[in-house]
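Take a look at the structure below.
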Amino acid sequence: MTGSNLSGATAVTFGATAATSFTVDSATQITAIAPAGSGTVDVRVTTTGGTSATSAADQYTYVVLTYTISPLSDETLNAQTADYASGTQETKTVTVTRTGTGDLANLVTTLGGTNASSFTITQPTATTLNSGTLSTTFTVKANDGLAAGTYTATVTVSAVGITPVTFTVTQVVNSRNSGGTGGSPTSPDALKHLDIDQNGIMIDSDTIDTRKPSVALEVTPKDGVAYIKLPVSLLTEFVEKNATFFIEIKTPYSSYKIPANLASLIPGLQDLLKKNGLKAEDISFKITLTDKSGDKDIQAAVASGLPKGQVLGAIVDFSISIINTKTGQVIGTADKFSSALTRIIPMPKNMKDMPEQWGVFRYNDTTRKFEFVSAKKVLIDGAWYVSINSYSNSVYVVAQNPVSFADTFKHWSKAFVELAAAKGLVEGVGDGKYNPDKAITRAEFTVMIVRTLGRSGSVGNAAPYVDVKQGAWYFDEVAKAKELGLLGFTTGTSFKPDQPLTREEMASILAAVINLEKSSIAKGSVNLNGYKDIGSVDAAYLEDVRTMVTLQIMNGTSANTFDPKGETTRAQAAVVFIRMLQTLGSIDR
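Using our numbering, you'd call the opening residue of the sequence shown number 33 and step up by one each time.
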């Protein structure tokens with residue numbers, strides 16, 4: 033700003049708000065940083081002689097920045113034939129162009145959907161788009177060795193400040209005798225002679241077209257119960273025709289997506305068959321969806337476990353019984369799966385948007401507590417649904433769950449801690465407090481990460497480490513984490529459960545989770561030299577730290593320090609849980 037007699041300036045205001053800062057350059061010039069604002073405002077300077085008058089010449093107009101990228105079209109890759117050679121599949125290069133006026137930072141790509149694991153995606157070559165770099169590119173391709181079938185995944189491009197942009201990528205793999213040149217396999221795929229029991233109504237399987245990605249079977253409930261009974265022999269034929277085919281069981285209160293290869297996802301099924309003298313073709317799966325909204329025991333459990341919660345939609349029990357097809361006898365249940373299955377619960381029709389703090393919870397019959405489940409909101413034809421991905425069957429509840437803590441009100445982690453607590457990822461320490469700066473132990477973090485992944489389950493009685501004894505509150509989760517390969521930071525036969533977890537050890541666990549859950553995520557090669565203490569990182573953890581910083585799951589404790597040997601705090605744990613799940617596409621950003 034220019035004028036006269038400015039040497040003694042004591043204040044600069046933009047409208048009614050003081051400048052963020054200002055410098056008197058000379059008696060005729062001042063440099064000021066405008067505060068946040070909008071529209072056009074008067075700029076006034078106060079000196080010992082008074083305050084300048086307003087005039088059209090002394091006004092400042094704020095520029096409203098927009099943060100958008102160009103639309104991205106769905107992509108269909110060149111069709112392949114089963115047993116195609118590695119590297120022969122098409123690699124599609126996708127261009128992302130900035131169309132708004134604001135700089136786009138932290139540009140990230142992720143894969144989602146049923147067939148996400150069948151594709152590989154790279155991160156954008158430029159992660160920031162500005163006036164100097166308007167566009168960037170990334171690539172996506174199908175993985176090697178896909179069986180005949182049609183594979184579709186959702187690609188999401190996101191950045192700070194933008195509404196994520198999505199598109200689908202599809203890869204068709206024809207069977208060797210199909211003669212197809214693209215689209216869908218052309219061999220006859222209609223199946224005959226096997227019936228499907230749809231809540232007491234028999235359906236001829238000849239009506240199921242496996243050339244499509246899926247089939248929806250709409251079931252009318254009877255007294256709040258709806259089921260589908262599928263012979264495994266029929267599912268086997270489906271898999272032979274389309275390896276990724278799935279059946280969506282739809283009711284007014286929920287849906288359940290059952291992959292045709294369900295039998296291969298049930299741990300212990302072969303042992304169960306052997307025990308009963310049966311083969312896979314001798315059994316059927318009875319998939320049942322029960323509306324438990326009126327169940328008094330469940331209502332009491334919700335009132336106790338989620339005292340501030342407000343249930344959204346129906347409370348649904350998803351279950352699968354394993355039945356001897358000939359006798360109709362139930363020989364077992366399928367409660368755990370080696371891959372996550374998708375369940376969908378519709379929200380109330382009058383809901384305009386999902387609340388800020390909400391979560392999906394699975395009821396644990398053993399502990400009688402509600403546990404976190406990864407889920408995302410989905411808008412379909414103007415109505416909200418919640419899509420749940422879980423490794424377990426149980427009773428599922430969607431609930432608004434507002435949470436706050438007295439000691440995080442002004443803490444830097446407040447938003448993350450409250451969101452993590454609302455979803456059931458973390459808990460307070462009592463008396464309305466979270467204790468955000470308290471160090472977290474190896475055992476505590478391991479238990480939380482395993483439960484966050486929904487990977488809890490029986491792992492036998494063998495002690496994973498000499499200092500992790502059967503009966504310890506963390507025994508099952510530590511054993512499961514070791515089984516999953518998440519505890520590479522440990523050395524020797526000891527786990528040291530009560531030892532505080534260091535930040536570099538946390539990076540090691542989180543990097544292992546990324547490799548386990550979505551190894552296709554590009555890890556990147558961000559330069560860490562901006563952290564003055566990066567040289568103190570244990571060499572074994574350096575690439576894990578790099579991955580965490582690249583994916584923005586972790587960052588430094590300051591602009592130029594990472595503090596690798598520092599103790600992980602409860603606040604930091606809440607933050608990385610949310611960021612990790614967002615990176616994996618398990619919860620909304």
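C-beta: ideal position from N, C-alpha, C; glycine also.
Worksheet item: Which residue from Thr80, Gln112, Thr478 puts its Cα closest to that of Val510?
Response: Start at 1 with the first residue of the sequence shown, and residue 510 comes out as number 478. The shortest C-alpha separation from Val510 is found at Thr478.
Item to complete: Take Val581 and list the residues in its own chain whose beta-carbon comes closer than 7 Å to its own, dropping the five residues that flank it on each side.
Response: Indexing the sequence shown from 1 puts residue 581 at position 549. Answer for Val581: Val558, Leu560, Asn587, listed in chain order.
Practice prompt. Please report how far the alpha carbon of Leu516 lies from the alpha carbon of Gly391, in whole angstroms.
Written response: In the sequence shown, the residue the question calls residue 516 occupies position 484. In the sequence shown, the residue the question calls residue 391 occupies position 359. Note on geometry: alpha-carbon atoms of Leu516 and Gly391 lie some 25 Å from one another.
Practice prompt. State whether the segment 466-475 contacts the segment 416-434, with contact taken as three or more CB pairs (one from each stretch) at a distance under 8 Å.
Written response: Inter-segment contact for the segment 466-475 and the segment 416-434 is absent: fewer than three beta-carbon pairs are separated by less than 8 Å.
Worksheet entry | Residues near His225 in its chain [Cβ-Cβ closer than 6 Å; skip 5 each side] | What you label residue 225 is simply residue 193 of the sequence shown in a count that begins at 1. Note that His225 scores 47 on pLDDT, short of 50, meaning its location in the model is unreliable; the coordinates nonetheless yield the value given after this. Nothing listed; no residue qualifies.
Fill in: Status (buried if at least 16 other CB within 10 Å, exposed otherwise) for Lys384
Numbered from its first residue, the sequence shown carries residue 384 at position 352. By the neighbour-count rule (16 or more Cβ atoms within 10 Å), Lys384 is not buried but exposed.
Worksheet item: Going by other Cβ atoms of all chains shown within 10 Å of its Cβ, with 16 needed for buried, is Gln203 buried or exposed?
Response: For the purposes of this step, residue 203 is taken as the residue at position 171 of the sequence shown. So Gln203 counts as buried.
Worksheet item: How close, in whole Å, do the beta carbons of Val77 and Gly47 come, if the pair is a contact with beta carbons under 8 Å?
Response: Position 45 of the sequence shown, counting from 1, holds the residue named residue 77. Position 15 of the sequence shown, counting from 1, holds the residue named residue 47. Not confirmed; about 14 Å, so no contact.
Worksheet item: Between Lys381 and Val75, what straight-line distance do the alpha-carbon atoms span, to the nearest angstrom?
Response: Counted from its first residue, the sequence shown places residue 381 at position 349. Counted from its first residue, the sequence shown places residue 75 at position 43. Distance between the alpha carbons of Lys381 and Val75: 49 Å.
Discussion item. In whole angstroms, give me the CA-to-CA distance for Val128 and Val140.
Written reply: Here residue 128 is taken as the residue at index 96 of the sequence shown, counted from 1. Here residue 140 is taken as the residue at index 108 of the sequence shown, counted from 1. In a straight line, the C-alpha of Val128 is about 11 Å away from that of Val140.
Item to complete: Entirely within the segment 318-367 and at least 3 residues each: give me those beta strand (DSSP E) ranges in chain order.
Response: With a minimum length of 3 residues, the continuous beta strand (DSSP E) runs that stay inside the segment 318-367 are 348-356, 362-365.
Worksheet item: With a CB to CB cut of under 7 Å and the five nearest residues on each side skipped, what residues in its chain are close to Gln389?
Response: By one-based count along the sequence shown, residue 389 stands at place 357. Shown here for Gln389: same chain residues with a beta carbon closer than 7 Å to its own, the five before and five after excluded, namely Gln432, Asn433, Pro434, Val435, Glu450, Leu451, Ala454 in chain order.
Worksheet item: What is the residue span of the beta strand (DSSP E) that Gln91 lies within?
Response: Position 59 of the sequence shown holds residue 91. Note, Gln91: beta strand (DSSP E), 91-93.
Practice prompt. Pull up the CB-CB distance for Leu262 and Ser336, whole angstroms please, since I reckon it's below 8 Å.
Written response: Locating residue 262 in the sequence shown gives position 230, where the first residue counts as 1. Locating residue 336 in the sequence shown gives position 304, where the first residue counts as 1. Not a contact, Cβ separation roughly 36 Å.
Item to complete: Tell me, please, whether the segment 363-378 touches the segment 277-291 by the rule of three or more beta-carbon pairs shorter than 8 Å.
Response: Yes, the segment 363-378 is in contact with the segment 277-291.
Worksheet item: DSSP beta-bridge partners for Ala64?
Response: Position 32 of the sequence shown holds residue 64. Answer is Phe54.
Worksheet item: Going by the CB atoms, is the gap between Thr83 and Gly40 shorter than 8 Å?
Response: Against the sequence shown, residue 40 aligns to sequence position 8. Against the sequence shown, residue 83 aligns to sequence position 51. Between Gly40 and Thr83, the C-beta gap is not smaller than 8 Å, which leaves the two residues out of contact.
Worksheet item: What's the C-alpha gap between Lys306 and Glu250?
Response: As a first step, residue 306 is located in the sequence shown; it is residue number 274 there, counting from the start. As a first step, residue 250 is located in the sequence shown; it is residue number 218 there, counting from the start. Those two C-alpha atoms are separated by around 34 Å.
Worksheet item: Leaving out the 5 sequence neighbours to the left and right, which residues in its chain are closer than 6 Å to Gln531 when beta-carbon positions are compared?
Response: Indexing the sequence shown from 1 puts residue 531 at position 499. Apart from the 5 residues on each side of it in sequence, Gln531 sits with its Cβ closer than 6 Å to the Cβ of Arg474 in its chain, given in chain order.
Practice prompt. If I'm right that Phe521 touches Asp499 with Cβ under 8 Å, what's the distance once you round it to whole angstroms?
Written response: Locating residue 521 in the sequence shown gives position 489, counting from the first residue. Locating residue 499 in the sequence shown gives position 467, counting from the first residue. Phe521 to Asp499, Cβ: 15 Å. No contact.
Discussion item. Taking the alpha carbon of Gln331 as the reference point, which residue from Thr49, Val429, Gln230 has its own alpha carbon closest?
Written reply: For the purposes of this step, residue 331 is taken as the residue at position 299 of the sequence shown. When only C-alpha atoms are compared, the closest one is Val429.
Discussion item. Here's the rule: buried if 16 or more other CB atoms are within 10 angstroms of the residue's CB, otherwise exposed. What is Gly145?
Written reply: Counted from its first residue, the sequence shown places residue 145 at position 113. Per the 10 Å Cβ criterion, buried.
Practice prompt. Could you pull out every residue in the same chain whose Cβ sits closer than 8 Å to the Cβ of Ile65, ignoring the five residues on either side in sequence?
Written response: As a position in the sequence shown, residue 65 is number 33, starting the count at 1. Answer for Ile65: Ala51, Thr52, Ser53, Phe54, listed in chain order.
Fill in: Continuous beta strand (DSSP E) stretch holding Lys124: start and end
Taking the first residue of the sequence shown as 1, we reach residue 124 at position 92. Boundaries of the beta strand (DSSP E) harbouring Lys124: 123-129, taken from the DSSP string.
Fill in: Gln61, buried or exposed, once every other Cβ within 10 Å from all chains shown has been counted against 16
The count along the sequence shown starts at 1 and reaches residue 61 at position 29. Flag for Gln61 reads exposed.
Worksheet item: When DSSP labels each residue in this structure, what does Ser36 get in the three-state scheme?
Response: The count along the sequence shown starts at 1 and reaches residue 36 at position 4. Coil at Ser36, not helix or strand.
Item to complete: Express the C-alpha separation of Ile354 and Ile553 in angstroms, rounding to a whole number.
Response: For the purposes of this step, residue 553 is taken as residue 521 along the sequence shown, with counting starting at 1. For the purposes of this step, residue 354 is taken as residue 322 along the sequence shown, with counting starting at 1. One C-alpha to the other measures close to 36 Å.
Worksheet item: Quick check: the segment 142-156 against the segment 96-106, are there 3 or more CB pairs under 8 Å?
Response: In this structure the segment 142-156 does not touch the segment 96-106; the number of beta carbon pairs closer than 8 Å is below three.
Worksheet item: So who's on the other strand from Glu107, going by DSSP bridges?
Response: Your numbering for residue 107 matches position 75 in the sequence shown. Note: Glu107 is bridge-paired with Val201 in the DSSP secondary-structure output.
Worksheet item: Which residue comes first and which comes last in the alpha helix (DSSP H) that contains Thr484?
Response: In the sequence shown, residue 484 corresponds to position 452, counting from 1. Its alpha helix (DSSP H) spans residues 474-484.
Worksheet item: When DSSP labels each residue in this structure, what does Tyr183 get in the three-state scheme?
Response: One-based indexing of the sequence shown puts residue 183 at position 151. In the structure shown, Tyr183 sits in a strand (DSSP, three-state: E or B).
Practice prompt. For the segment 265-327, list the alpha helix (DSSP H) runs that are entirely contained and at least 4 residues long, ordered along the chain.
Written response: Counting only runs of 4 or more, we get 301-307.
Worksheet entry | Three CB pairs or more closer than 8 Å across the segment 267-279 and the segment 338-347 | Verdict: no, contact absent.
Worksheet item: Got a sec? Which residues, its chain only, sit under 8 Å from Gly81 by beta carbon, not counting five neighbours each side?
Response: Residue numbering aside, residue 81 sits at position 49 when the sequence shown is read from its first letter. Cβ within range, chain order: Asn37, Gly40.
Worksheet item: When you compare only the Cα positions, how much space is there between Thr357 and Ala366?
Response: Your numbering for residue 357 matches position 325 in the sequence shown. Your numbering for residue 366 matches position 334 in the sequence shown. Pairing Thr357 with Ala366, the inter-Cα distance amounts to about 16 Å.
Worksheet item: In whole angstroms, what separates the C-alpha of Thr100 from that of Ser149?
Response: On the sequence shown, position 68 is the one that residue 100 refers to. On the sequence shown, position 117 is the one that residue 149 refers to. Answer to the nearest angstrom: the Cα atoms are 28 Å apart.
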